[in-house]
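Residue 6 is where the sequence shown starts when you use my numbering, and the numbers rise one by one after that.
Heads up, the beta-carbon is just placed ideally off N, CA and C, and yes, glycines get one too.
Keep in mind the model is a prediction, meaning the values are calculated, not measured.
Please read the structure below before turning to the comments.
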Amino acid sequence: MHILQGTQPEIVLTDFPYKKITKATLLKDGSPVKFSFKKKVLTLPAIAPTAEDPDQVIVLEVK
């Protein structure tokens, strides 16, 4: 998932097509990203892009 604008405090994806998310990390350094996944709704923090890193990428490991 690419985050290009962090204007909202969180990102909410409804009807997420997977049954389980085992891990969420930042691609650039592997640091963990907190998330909530309940009843097919995924909620992630909106990580604000910076001048040095304008494209934040979150890796989701799913089942």
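Can you tell which of the options has its C-alpha closest to the C-alpha of residue i?
i	options	result
K44	K33, K25 and K68	K25
A53	L18, T19 and L31	L31
D20	L65, F42, T27 and K68	F42
V67	P14, Q13, L18 and T27	T27
By a C-beta neighbour count over all protein chains shown, 10 Å radius and 16 as the cutoff for buried, is residue i buried or exposed?
i	result
L47	buried
Q61	buried
Going by DSSP in three states, residue i sits in which element: helix, strand or coil?
i	result
T27	strand
I16	strand
K43	strand
I63	strand
T55	coil
P22	coil
L49	strand
Beta carbon of residue i, beta carbon of residue j: below 8 angstroms?
i	j	result
A29	P22	no
A51	I16	yes
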